[in-house]
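Student: The listed protein sequences correspond, in order, to chains A and B. Letter 264 of the first sequence, counting from 1, is numbered 252 in my numbering, and no numbers are missing. Letter 100 of the second sequence, counting from 1, is numbered 132 in my numbering, and no numbers are missing. Glycine included, C-beta positions come from ideal geometry on N, C-alpha and C. Provided herewith is a single structure, encoded as structure tokens, for subsequent inquiry.
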Amino acid sequence: MRSAAAPGRCRPRCGVFAGALAALVLVAVLAGCGREAGPAAALTVWAHAGQAAERRVLEAQVARWNAAHPEARVALTLLPEGAYGSQVQAAALAGDLPDVLELDGPYVASYAWQGHLRPLDGLLPPDVIGDLIPSVRAQGTWRGRLYAVGAFDSGLALWARRSLVEAAGARIPAHPREAWSAREFEALLAALAARDPDGAVLDLKLNWQGEWYTYGFSPLLVSAGGDLIDRSRWRAAGTLDGPASVAAMRTVQGWIRRGYVDPNLDDAAFVQGRVALSWSGHWDWPRYRAAWGEDLVLVPLPDLGRGSRSGQGSWAWGVTTRARDPRLAARFLAFLLRPEEVLAMTAANGAVPGTRTALARSPAHAPGGPLHLYAVQLTQGWTVPRPRTPAYPVITSAFQQAFADIRDGVDPRAALARAARLIDEDIAANAGYR
Amino acid sequence: MPATAERAEARAAWLLSAPALLGLALFLALPFALAVALSFTNLRLGSPLPLELVGLEQYARVLADARFRQALGNNLVFAAVVVPVQTACALGLALLLHGRLRARALYRAAFFLPVVFPLALVAVLWVLLYAPGPGGLVNRALALLTLGHWTPRDFLHDPAWALPAIMVTSIWQGVGFQMVILLAGLQGIPRHLYEAAALDGAGRWARFRHVTLPGLRNPLVFTALVTPILAFRLFDQVRIMTRGGPAGATTTVVHEIFEAAYVRAQAARASAMTVIFFLIVLAITLLQRRLAAHRRWAG
Chain A
-11 MRSAAAPGRC RPRCGVFAGA LAALVLVAVL AGCGREAGPA AALTVWAHAG QAAERRVLEA
49 QVARWNAAHP EARVALTLLP EGAYGSQVQA AALAGDLPDV LELDGPYVAS YAWQGHLRPL
109 DGLLPPDVIG DLIPSVRAQG TWRGRLYAVG AFDSGLALWA RRSLVEAAGA RIPAHPREAW
169 SAREFEALLA ALAARDPDGA VLDLKLNWQG EWYTYGFSPL LVSAGGDLID RSRWRAAGTL
229 DGPASVAAMR TVQGWIRRGY VDPNLDDAAF VQGRVALSWS GHWDWPRYRA AWGEDLVLVP
289 LPDLGRGSRS GQGSWAWGVT TRARDPRLAA RFLAFLLRPE EVLAMTAANG AVPGTRTALA
349 RSPAHAPGGP LHLYAVQLTQ GWTVPRPRTP AYPVITSAFQ QAFADIRDGV DPRAALARAA
409 RLIDEDIAAN AGYR
Chain B
33 MPATAERAEA RAAWLLSAPA LLGLALFLAL PFALAVALSF TNLRLGSPLP LELVGLEQYA
93 RVLADARFRQ ALGNNLVFAA VVVPVQTACA LGLALLLHGR LRARALYRAA FFLPVVFPLA
153 LVAVLWVLLY APGPGGLVNR ALALLTLGHW TPRDFLHDPA WALPAIMVTS IWQGVGFQMV
213 ILLAGLQGIP RHLYEAAALD GAGRWARFRH VTLPGLRNPL VFTALVTPIL AFRLFDQVRI
273 MTRGGPAGAT TTVVHEIFEA AYVRAQAARA SAMTVIFFLI VLAITLLQRR LAAHRRWAG
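Now the structure itself:
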């Protein structure tokens, strides 16, 4: 021990130095906390930093608002998408929520239950609410009150290369009613694989993980007659691990087991032509259209027995209970829901416009347009909202883990039973979220 | 007179260590005390329901959770493999880079570089290296080495390979740190000991065994104490490379704590896990310290 003291001669001085440094850092941090960038904003807005095109449109929208309302400046903060939920949750705990908050659709019930969202029914003009498409309205509603409004909704379907599918001898369904059956879909995969150098012909975006698993694959449970949870009794056991849900997941596992699915580590399986089919959403439209042009076609997800089912729900806006001026916040939301603003956003991300007025003005979503299928799915009841309950964060976490395990070869019955148990435990521990 | 001097010195010592102690109390002791307190409640982050005391129920739930026990087992296996292998690799590298070698500084820098990289970056890189199919770099290298006898694997999605794959990544990333410590230790061994040993007719192995190893005892004890703690903290690689899969084969206690606290908002349950984990790591560290102290006596 003694020998260690030799270089320690300077210790007293080092200690003083370190103390002074610590004090300095503390002062700097405290000073930094109190400082606000630029003139004080009338509205603070948090949004997720999505794709570059979406981000640019949102920033332009805020700039337009600020130019028109210099007295009600909006300060926009973009948070990375990956950690958005936990950052917002941490801010909520600390009482630091902004006036206007962007949130992912299925979390609306959770935030509302926690008391962070203000009902919009009385705040937004009735004609603005009446203009929302049914799926957006349903997604923002919890226990009969509207808590969030989205400028757009998401579209989920299969992107396909028309030439390859036709060469494999399959028909191209144009309406969810005509969706490929499970048997037809598997025959198509086999035919495509026979012409493919590595036999991997389907992209399930397995590289995305997270919420994608629930968004992209829980509709299959419903299509087979199962679900994530029994939506009237709010119990997962018997539904999520019931025979229909297990069968649906066995089907997906079969595609992966037989080597039809590209692991897609580089997220470029479809644009590089490695696969003929990509199970993905509207956000890939710009990229895919640039890659394949006229050969690109949108096809409904396969029908596992009870009809094709697709996902819905996307980012939406809510006014927090911390909002200093809720009416002003609602005016900003109404501004974002103006047809020209909605269309500016959907032109950038390919999503389905969230208001009837804007949808009617969007040629891509009109009959004959390349994205018409999305509009059909969302407005004619072919989509399933993710369960609107405060238990959703646990439901999705449990299902994501189950899906990851199923992907890795675990027996679907065991994986789904564990997920159902986790969900029911959480609901019980929260007194049923009543 | 000596008493007053001592008292003054003691006061100075307290004064000077105050900033550090304050920091420790504020950022270490207080959060841990809170974790202990919270582990007896049913706290869920953000829940508007009233907080209730539930006694030892969280502990019962955690200990009954098969995934938590699996995580603990993975941590132990990980530490049991990584600590000796990484220390041995570090010693080997240090010995190689201590001798006369052209471009020695370049090699030292190259082996130390991964330590400086953010773990997240390292993990993402290795996900690409472990790419499944014959196109993946690791698969291709193994096929080349085995003259084509290797069947390509999906390392990170194979229950038997996922944890070893993460071990390799972690050793690659961490070995430079111990190497630098051991290199410093090697430079501290007086040359005349080697000369004397050589005069006594000691061979290469005997010199390594009786001069180098005893001379490296302190740095080796240090690395043997620190590496397990780093190994128990295993999280970043798991989060990015496997998220604990396949079927929990790579999950770790810290990953389970993260899932409970930040994904499922079960703060009380995560606190109970933290307390259990702290006690286990503390016990292992105390045991190691005792063993190390014992060896010092014997040596």
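Ignoring anything shorter than 3 residues or poking outside the region 242 to 313 of chain A, list the beta strand (DSSP E) runs there in chain order.
Tutor: You should have 265 to 269, 284 to 287, 303 to 307.
Student: Report the neighbours of GLY397 of chain A on chain B: residues whose CB is nearer than 9 Å to its CB, in chain order.
Tutor: Locating residue 397 of chain A in the first sequence gives position 409, counting from the first residue. Chain B residues near GLY397 of chain A: HIS189, ASP190, PRO191, PRO278, ALA279.
Student: Using a beta-carbon distance cut-off of less than 8 Å, what residues from the region 152 to 166 of chain B approach chain A?
Tutor: Residues passing the 8 Å Cβ filter: VAL159, LEU160, ALA163, PRO164, GLY165.
Student: If you count every other CB in all the chains shown that lies within 10 Å of the CB of LEU123 of chain B, and 16 or more means buried, which is it?
Tutor: Translated into positions along the second sequence, residue 123 of chain B becomes position 91. By the 10 Å Cβ count, LEU123 of chain B comes out buried.
Student: Return the chain-ordered ranges of every alpha helix (DSSP H) run that is complete within the region 34 to 84 of chain A and spans a minimum of 4 residues.
Tutor: Within the region 34 to 84 of chain A, the complete alpha helix (DSSP H) runs of at least 4 residues are 40 to 56, 72 to 81.
Student: With C-beta atoms as the reference, is ALA35 of chain A less than 8 Å away from ASN337 of chain A?
Tutor: By 1-based counting over the first sequence, the position of residue 35 of chain A is 47. By 1-based counting over the first sequence, the position of residue 337 of chain A is 349. No, the Cβ-Cβ distance between ALA35 of chain A and ASN337 of chain A is not below 8 Å.
Student: Going by the DSSP bridge assignment, what does SER169 of chain A pair with across the sheet?
Tutor: In the first sequence, counting from the first residue as 1, residue 169 of chain A sits at position 181. Beta-bridge pairing links SER169 of chain A to A:ASP291.
Student: Using the three-state DSSP reduction, which class does ARG149 of chain A fall into: helix, strand or coil?
Tutor: Looking up residue 149 of chain A in the first sequence gives position 161. Strand at ARG149 of chain A.
Student: Can you check whether the CB of ILE213 of chain B is closer than 8 Å to the CB of PRO251 of chain B?
Tutor: In the second sequence, counting from the first residue as 1, residue 251 of chain B sits at position 219. In the second sequence, counting from the first residue as 1, residue 213 of chain B sits at position 181. Cβ distance < 8 Å, so PRO251 of chain B and ILE213 of chain B count as in contact.
Student: Let me know if PHE209 of chain B comes out buried or exposed under the rule of 16 or more other beta-carbons within 10 Å of its beta-carbon.
Tutor: Locating residue 209 of chain B in the second sequence gives position 177, counting from the first residue. It is buried - the Cβ of PHE209 of chain B has at least 16 other Cβ atoms within 10 Å.
Student: Would you verify that the beta carbon of LEU12 of chain A is, or is not, closer than 8 Å to some beta carbon of chain B?
Tutor: Stepping through the first sequence from its first residue, residue 12 of chain A is reached at position 24. Caution is warranted here: a pLDDT of 42 is assigned to LEU12 of chain A, below 50, making its placement in the model unreliable, and no coordinate value can be reported.
Student: Should PRO80 of chain B be flagged as near chain A, meaning a C-beta pair shorter than 8 Å?
Tutor: What you label residue 80 of chain B is simply residue 48 of the second sequence in a count that begins at 1. Yes, PRO80 of chain B counts as interfacial toward chain A.
Student: Against chain A, does LEU179 of chain B count as a neighbour if the rule is that its beta carbon must be under 8 Å from one of theirs?
Tutor: As a position in the second sequence, residue 179 of chain B is number 147, starting the count at 1. No, its Cβ sits nowhere closer than 8 Å to a Cβ of chain A.
Student: Using only alpha-carbon positions, find the residue among B:ARG39, B:LEU62, B:GLY235, B:ARG239 that is nearest to LEU225 of chain B.
Tutor: One-based indexing of the second sequence puts residue 225 of chain B at position 193. Cα-wise, what sits closest to LEU225 of chain B is B:ARG239.
Student: Which residues in chain B have a C-beta closer than 8 Å to the C-beta of GLN423 of chain A? List them in chain order.
Tutor: There is simply no residue 423 of chain A to check, as chain A begins at -11 and stops at 422 in what is shown.
Student: Quick one: give me the first and last residue of the alpha helix (DSSP H) that VAL286 of chain B is part of.
Tutor: For this step, residue 286 of chain B is matched to residue 254 along the second sequence. Unbroken alpha helix (DSSP H) run through VAL286 of chain B: 285 to 290.
Student: Looking at PRO107 of chain A and GLY301 of chain A, is the spacing between their C-beta atoms short of 8 Å?
Tutor: Numbered from its first residue, the first sequence carries residue 301 of chain A at position 313. Numbered from its first residue, the first sequence carries residue 107 of chain A at position 119. Going by C-beta atoms, GLY301 of chain A is not nearer than 8 Å to PRO107 of chain A.
Student: Consult DSSP for LEU95 of chain B and reduce its assignment to one of helix, strand or coil.
Tutor: The sequence position of residue 95 of chain B within the second sequence is 63, counting from 1. Note: LEU95 of chain B maps to helix in three-state DSSP.
Student: Using only the alpha-carbon positions, how far apart do PRO58 of chain A and PRO231 of chain A sit?
Tutor: The count along the first sequence starts at 1 and reaches residue 58 of chain A at position 70. The count along the first sequence starts at 1 and reaches residue 231 of chain A at position 243. Between PRO58 of chain A and PRO231 of chain A, the C-alpha separation is close to 59 Å.
Student: Relative to the C-alpha of ALA181 of chain A, which residue among A:VAL153, A:GLN368, A:LEU66 is closest?
Tutor: The count along the first sequence starts at 1 and reaches residue 181 of chain A at position 193. It is A:VAL153 whose Cα lies nearest to the Cα of ALA181 of chain A.
Student: Using a beta-carbon distance cut-off of less than 8 Å, what residues from the region 74 to 95 of chain A approach chain B?
Tutor: Flagged, chain order: SER74, GLN77, ALA80, LEU81.
Student: Considering LEU366 of chain A, what are the terminal residues of the alpha helix (DSSP H) in which it resides?
Tutor: Here residue 366 of chain A refers to the residue found at position 378 of the first sequence. Per DSSP, LEU366 of chain A belongs to the alpha helix (DSSP H) from 360 to 367.
Student: Scan the region 294 to 317 of chain B for residues whose Cβ lies nearer than 7 Å to a Cβ of chain A and list them as they occur along the chain.
Tutor: Cβ contacts with chain A: TYR294, VAL295, ARG296, ALA297.
Student: Quick check: the Cα distance between GLY369 of chain A and VAL96 of chain A, rounded to an integer number of angstroms?
Tutor: As a position in the first sequence, residue 369 of chain A is number 381, starting the count at 1. As a position in the first sequence, residue 96 of chain A is number 108, starting the count at 1. Approximately 21 Å, taken between the alpha carbons.
Student: With DSSP run on the structure shown, which of helix, strand or coil describes ARG344 of chain A?
Tutor: In the first sequence, counting from the first residue as 1, residue 344 of chain A sits at position 356. Three-state DSSP puts ARG344 of chain A in a helix.
Student: Which runs of the beta strand (DSSP E) at least 3 residues long sit entirely within the region 99 to 156 of chain A? Give them in chain order.
Tutor: Fully enclosed beta strand (DSSP E) runs of 3 or longer: 144 to 149.
Student: Are at least three pairs of beta-carbons, each pair with one atom in the region 103 to 114 of chain B and one in the region 171 to 180 of chain B, less than 8 Å apart?
Tutor: Verdict: no, contact absent.
Student: Going by DSSP, which residues form a beta bridge with ASP218 of chain A?
Tutor: Looking up residue 218 of chain A in the first sequence gives position 230. Note: ASP218 of chain A sits in a beta bridge opposite A:ARG223.
Student: Do ALA304 of chain A and GLN127 of chain A count as a contact pair if the criterion is CB distance below 8 Å?
Tutor: As a working mapping, residue 127 of chain A is identified with position 139 in the first sequence. As a working mapping, residue 304 of chain A is identified with position 316 in the first sequence. Taking 8 Å as the Cβ cut-off, GLN127 of chain A and ALA304 of chain A qualify as a contacting pair.
Student: According to DSSP, is VAL88 of chain A part of a helix, a strand, or is it coil?
Tutor: Taking the first sequence and counting its residues from 1, the one referred to as residue 88 of chain A is at position 100. Note: VAL88 of chain A maps to strand in three-state DSSP.
Student: What is the residue span of the alpha helix (DSSP H) that LEU410 of chain A lies within?
Tutor: Position 422 of the first sequence holds residue 410 of chain A. Its alpha helix (DSSP H) spans residues 400 to 417.
Student: Can you give me, in chain order, the residues of the region 248 to 260 of chain A that have a beta carbon less than 7 Å from any beta carbon in chain B?
Tutor: Those would be PRO251, LEU253, in chain order.
Student: If I measure Cβ to Cβ from ASP412 of chain A and keep anything under 7 Å in the same chain, skipping five residues before and after, which residues do I get?
Tutor: Taking the first sequence and counting its residues from 1, the one referred to as residue 412 of chain A is at position 424. So the qualifying residues of the chain are ARG223, ALA224, ALA225.
Student: Please say whether GLN102 of chain A and SER79 of chain B have beta carbons closer to each other than 8 Å?
Tutor: Stepping through the second sequence from its first residue, residue 79 of chain B is reached at position 47. Stepping through the first sequence from its first residue, residue 102 of chain A is reached at position 114. Cβ atoms of SER79 of chain B and GLN102 of chain A: closer than 8 Å.
Student: Could you name the residues of the same chain whose beta carbon sits closer than 7 Å to that of ARG133 of chain A, not counting the 5 residues immediately before and after it, in chain order?
Tutor: Numbered from its first residue, the first sequence carries residue 133 of chain A at position 145. Same-chain partners within the cutoff: PRO107, ASP109.
Student: Return the CA-CA distance between PRO185 of chain A and HIS360 of chain A, expressed in angstroms with no decimal places.
Tutor: Walking along the first sequence from the start, residue 185 of chain A turns up at place 197. Walking along the first sequence from the start, residue 360 of chain A turns up at place 372. Using only the alpha carbons, I get a separation of about 33 Å.
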